[in-house]
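Everything in the sequence shown is counted per UniProt numbering, starting at 1 for the first residue and increasing by one.
Ideal Cβ positions, reconstructed from N, Cα and C, are used throughout, including at glycine.
Let me begin by presenting the structure, written as structure tokens, before commenting on it.
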Amino acid sequence: MDRGEPRLIPIADIPDYYGQLAQLPQRMVMIGGAGSGKTVAAATLVLGRLRARRDLARGRRSEEPVPVRVNAAGWDGRRDFRQWLTNRLGYDYGVNTRLAQALVDARLILPVIDGLDEMDTVETGVSRARAMLDRLNEGPWRDRPVVVVSRSEVFDQLVRLTGDRGLHGSAAIALHAFDPAQILDHLTERRDRLGDPGPAWSVVLDRIADQPDGPLAKALATPWLLGLAMTTLQHDPRTARRLADCTDEGSVTELLFDAQIRTAVESSKGIDRYEDYTVENVEKWMKSLAVGIERRHGNPDGETAVRLDEVWEIAGSRLCRMLHTVAVTFLLTIGLAVVVDSATTGPDRGIGSSIGGLACAAVVIGFVVQSSDISSRVLTAKRMAWIVPELSAFKRLKLVVGDDRAGAAVGVGALIGGLSGWTLGGLLGVVPGALLGAVVVGLWIGLPAWLNVSTRTQLGLVTNETRLIRHDLESTVVNSLITGFGACLVLPMVVWVSIDGAPARPELFSGELAVMLPTMSIGLIGGLIYGIIRGVVWQRHFVATLVFRVTKAFPGRPALFLDWARRSGLLRVTGAAYQFRHETYHRWLLQKAAGDTKR
Numbered sequence: 001m002d003r004g005e006p007r008l009i010p011i012a013d014i015p016d017y018y019g020q021l022a023q024l025p026q027r028m029v030m031i032g033g034a035g036s037g038k039t040v041a042a043a044t045l046v047l048g049r050l051r052a053r054r055d056l057a058r059g060r061r062s063e064e065p066v067p068v069r070v071n072a073a074g075w076d077g078r079r080d081f082r083q084w085l086t087n088r089l090g091y092d093y094g095v096n097t098r099l100a101q102a103l104v105d106a107r108l109i110l111p112v113i114d115g116l117d118e119m120d121t122v123e124t125g126v127s128r129a130r131a132m133l134d135r136l137n138e139g140p141w142r143d144r145p146v147v148v149v150s151r152s153e154v155f156d157q158l159v160r161l162t163g164d165r166g167l168h169g170s171a172a173i174a175l176h177a178f179d180p181a182q183i184l185d186h187l188t189e190r191r192d193r194l195g196d197p198g199p200a201w202s203v204v205l206d207r208i209a210d211q212p213d214g215p216l217a218k219a220l221a222t223p224w225l226l227g228l229a230m231t232t233l234q235h236d237p238r239t240a241r242r243l244a245d246c247t248d249e250g251s252v253t254e255l256l257f258d259a260q261i262r263t264a265v266e267s268s269k270g271i272d273r274y275e276d277y278t279v280e281n282v283e284k285w286m287k288s289l290a291v292g293i294e295r296r297h298g299n300p301d302g303e304t305a306v307r308l309d310e311v312w313e314i315a316g317s318r319l320c321r322m323l324h325t326v327a328v329t330f331l332l333t334i335g336l337a338v339v340v341d342s343a344t345t346g347p348d349r350g351i352g353s354s355i356g357g358l359a360c361a362a363v364v365i366g367f368v369v370q371s372s373d374i375s376s377r378v379l380t381a382k383r384m385a386w387i388v389p390e391l392s393a394f395k396r397l398k399l400v401v402g403d404d405r406a407g408a409a410v411g412v413g414a415l416i417g418g419l420s421g422w423t424l425g426g427l428l429g430v431v432p433g434a435l436l437g438a439v440v441v442g443l444w445i446g447l448p449a450w451l452n453v454s455t456r457t458q459l460g461l462v463t464n465e466t467r468l469i470r471h472d473l474e475s476t477v478v479n480s481l482i483t484g485f486g487a488c489l490v491l492p493m494v495v496w497v498s499i500d501g502a503p504a505r506p507e508l509f510s511g512e513l514a515v516m517l518p519t520m521s522i523g524l525i526g527g528l529i530y531g532i533i534r535g536v537v538w539q540r541h542f543v544a545t546l547v548f549r550v551t552k553a554f555p556g557r558p559a560l561f562l563d564w565a566r567r568s569g570l571l572r573v574t575g576a577a578y579q580f581r582h583e584t585y586h587r588w589l590l591q592k593a594a595g596d597t598k599r
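Spelled out as structure tokens, the structure:
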């Protein structure tokens, strides 16, 4: 990085400092420790630069970039940064895609990229964060204004690993803790803004003024805890005396953490869909979430994030797998029995018996797949998309056609079709059977492969963290319909062509219905089995919600609760995953959960 040591600048002065940067383009890095107020600093910079832009003359204003805060956690480190930024403008701010792309291309967007330190997990190291800096150091972004916000230790690690000093051509500022005078200023400003909040604020203000080196002043030196304190005093003034009486910083933190849930609940009173969000319930749910994340990742200091499609494990992975297996086997058996019965009403039940055998095999296969420990570790919600950024229709088609597995599947389809044609129509049925078999399998494999997108590609599509289960359900339904109805339409054609070519066993078919029912039954069975196997994510999520409604260990509507917790400041979003705002809060919840277990 083309700079010296980071400058220590008060958060309120950051917008002016950025505006006075002499070098062009204006590029800056903001770093700080945990709880130092990095996100607050990013928001302050955006608001300050917007005010400065508003005061410019109209002609000059049209040339000034609009500052926009975006969360870096949603980028996978590989896709085009321009396209990703365009997508974020559309998703976060509702900007039309073409307009957003035009603004980015015209250099009229100043991206304030928050969360560089949140892009990677323990498994990925700092690869995505490094890729982000590489993109910003390459054309065309190396000549554009940009601001990057990161935790100090992560950014220092990036600098040590690469030796290129991070973001090229940038200034750097370090966020520092508040001194007692600044704490008093912030508290006084919030109190005055509220009008007449009562004597509670005076109790805290007086204690900090009397003991500037005391535990309360030291604990509130970080913007995060100071913000928690102000919110707590606003919603629960009774906490003021307890804060003032704390004898160490840990007691202050404990009290504010404990009050955070109470404050969030108070702010949601009177809303029907949150009527069961009591302090007791929310605290229990948050502890369940903390324990579930620790159980899943095994290291609360390293990975504190969970996606909506992973929440089912909080209900107990073994319990959910068992209930899921029982439910799937029961429903699949009933469905297959109905289909088989409808296909075995003819004079010859040979085909029906074959379908019955297939049904039994399907039940066994479904049971094995559903109960497999291996499958439970690789479950992620699936998604479909007609349009994928940076992947043209030709590229997507090329990927489908060039997949060795797709080619092998088409070959197997041709083989099965040929054998079916030979069995039903003799030698003259082999060629048409093989061709139609290849076409059928090609459609089954190709169309879903065209529509479905990988987990990595979902980041480029800007995935909504609250809609993962809905996306997976939609993908399951569409793929099942393609599989089932595709077979229902095409398999009868295979039979008819084979028979018309050289009917080897015409006695099997007494009419058109006798041909259609068995083949359509096979198609329905195939679609049902495929849907059951493919829809494991939403099915286990649904099973978990039923378990939650019985055990009360977590809310029956996990998506609603997680979104509420995010908006209430208890959680934040990293990519498509929910994460505790600070590791210290996660550890605190784990300690409380452990204490409950001992009792």
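- Bridge partners of Leu110 according to DSSP: Pro67.
- Judged by their CB atoms, Arg165 and Pro25 are not nearer to each other than the 7 Å cut-off.
- Pro223 is positioned such that its CB atom lies no closer than 7 Å to that of Gly198.
- For the pair Phe81 and Arg128, the CB atoms are not nearer than the 7 Å cut-off.
- Annotated three-state conformation of Gly33 is coil, per DSSP.
- The Cβ-Cβ distance between Gly94 and Ala52 does not fall below 7 Å.
- Judged by DSSP in its simplified three-state form, Asn464 adopts coil rather than helix or strand.
- Here Val154 has Asp117 as same chain residues with Cβ atoms under 6 Å from its own Cβ, once five neighbours each way along the sequence are excluded.
- In terms of Cα proximity to Ile31, the closest of Glu63, Ala100, Val112, Asn87 is Val112.
- Counted as a single uninterrupted DSSP element, the beta strand (DSSP E) harbouring Tyr578 occupies residues 577-580.
- In the three-state reduction of the DSSP assignment, Val95 falls in the coil class, being assigned neither a helical nor a strand state.
- In the three-state reduction of the DSSP assignment, Ser267 falls in the coil class, being assigned neither a helical nor a strand state.
- In the three-state reduction of the DSSP assignment, Ile173 falls in the strand class.
- Within its own chain, the residues whose Cβ lies closer than 6 Å to the Cβ of Ala200, once the five positions on either side in sequence are excluded, are Leu233, Pro237, Ala240, listed in chain order.
- In the assembly as shown, Pro140 is an exposed residue. Its beta-carbon has fewer than 16 other beta-carbons within 10 Å.
- DSSP places Arg78 in no alpha helix (DSSP H); its state is neither H nor E.
- In this structure, the straight-line span from the alpha carbon of Ser480 to that of Val66 is close to 45 Å.
- Collapsing the DSSP output to three states places Leu21 in coil.
- Within the model, the alpha-carbon separation for Val46 versus His186 is close to 19 Å.
- Counting the other CB atoms within 10 Å of its CB gives Glu313 a total of 16 or more, which places it among the buried residues.
- Restricting attention to alpha helix (DSSP H) runs no shorter than 4 residues, the segment 185-258 encloses them at 200-210, 215-219, 223-235, 239-244, ordered along the chain.
- Using a 10 angstroms sphere on the CB of Ile271, the tally of other CB atoms stays under 16, which defines it as exposed.
- In the three-state DSSP reduction, Leu571 falls in the strand class (E or B).
- The beta carbon of Asp472 is closer than 6 Å to those of Ala381, Lys382, Val537, Trp538 in its chain, skipping five residues each way along the sequence.
- Cβ atoms of Arg151 and Gly59 stay farther apart than 8 Å, at about 40 Å.
- Following the DSSP letters along the chain, one finds Val147 inside the beta strand (DSSP E) bounded by residues 146-151.
- Per DSSP, the continuous beta strand (DSSP E) segment holding Arg307 begins and ends at 305-307.
- In this structure, Val265 places its C-beta atom within 7 Å of the C-beta atom of Val282.
- Around Ala100, the same chain offers Thr86, Leu89, Gly90 as residues with beta carbons nearer than 6 Å, after the five sequence neighbours per side are excluded.
- For Arg165, the three-state secondary structure derived from DSSP is coil.
- For the set Val550, Gly484, Arg540, Gly595, the Cα lying nearest the Cα of Leu528 is the one of Gly484.
- With a threshold of 16 other beta carbon atoms within 10 Å, Thr263 meets it and is buried.
- In the three-state DSSP reduction, Leu56 falls in the coil class, being neither helix nor strand.
- Counting along the chain, Met132 sits inside the alpha helix (DSSP H) bounded by residues 127-137.
- The residues Pro215, in chain order, have a CB closer than 8 Å to that of Asp248 in the same chain once the five nearest residues on each side in sequence are set aside.
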